[in-house]
Structures are given as structure tokens and as C-alpha cells.
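In the working numbering, the protein residues as written are 61 to 139.
Positions of the beta carbon are idealized from the N, C-alpha and C atoms, including for glycine.
Only a predicted model underlies this, so the values are computations on that prediction, with no experimental measurement involved.
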């Protein structure tokens, strides 16, 4: 549940679903869910450079369904 994307500034963003460090995968999935929104998860994206991490609400199977461009647009919108 980790994905890396590189922006036009050369910054590599590593995106990881929140609570993915929990031992049980279904437990981590439940913990990362956004309350009150079905099939929506908290994802934290951390930059390789000096920018701050961002916390995103992404839908569905975000690590496969979002294009690099779409994921970078979400990151930029939340900086």
C-alpha cells in the first residue's frame, strides 16, 4: 500500500495509507477508513525534499486507480 510519484520540481513523494504499520491488514484498512465516507481512506504523502507531508482523502483502490498526474494534483491541492 505504498506508492511513489515524482513531480515536475524533481520531488519524489512517497504515499502510504495511514495506519499501514498495523500488523493485521484488515485492521489497518479499517483504521485508515474515513469515517462517514464509504470506500475512502486516509493517505499520507511524504516528500523527498523540504516540503511538508500532506494528508489526503483518497477513494477506492487509490494505489492502482489514481494516475501519477491525478495523485500529484491531489498533493498540490493540499500543500
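Inset, instruction - Go through its chain and collect everything with a Cβ distance to residue 119's Cβ below 7 angstroms, but skip five positions before and after it. - result: Counting only Cβ-Cβ distances below 7 angstroms, and skipping sequence neighbours, we find 99, 100.
Legend entry - Contact check, residue 76 vs residue 104, beta carbons under 9 angstroms: Yes.
Inset, instruction - Look at the alpha carbon of residue 79 and the alpha carbon of residue 110, and state the distance between them as a whole number of angstroms. - result: Whole-angstrom Cα-Cα distance: 23 angstroms.
Inset, instruction - Note the first and the last residue of the continuous beta strand (DSSP E) segment covering residue 66. - result: Residues 62-66.
Inset, instruction - Could you name the residues of the same chain whose beta carbon sits closer than 7 angstroms to that of residue 114, not counting the 5 residues immediately before and after it, in chain order? - result: Once the five neighbours on either side are set aside, the close Cβ partners of residue 114 are 105, 135, 138, 139.
Inset, instruction - Report all residues from its chain with a CB closer than 8 angstroms to the CB of residue 72; omit the five preceding and five following residues, and keep chain order. - result: For residue 72, same chain residues with a beta-carbon under 8 angstroms away, outside a window of 5 residues either side, are 64, 65, 66, 107, 108 in chain order.
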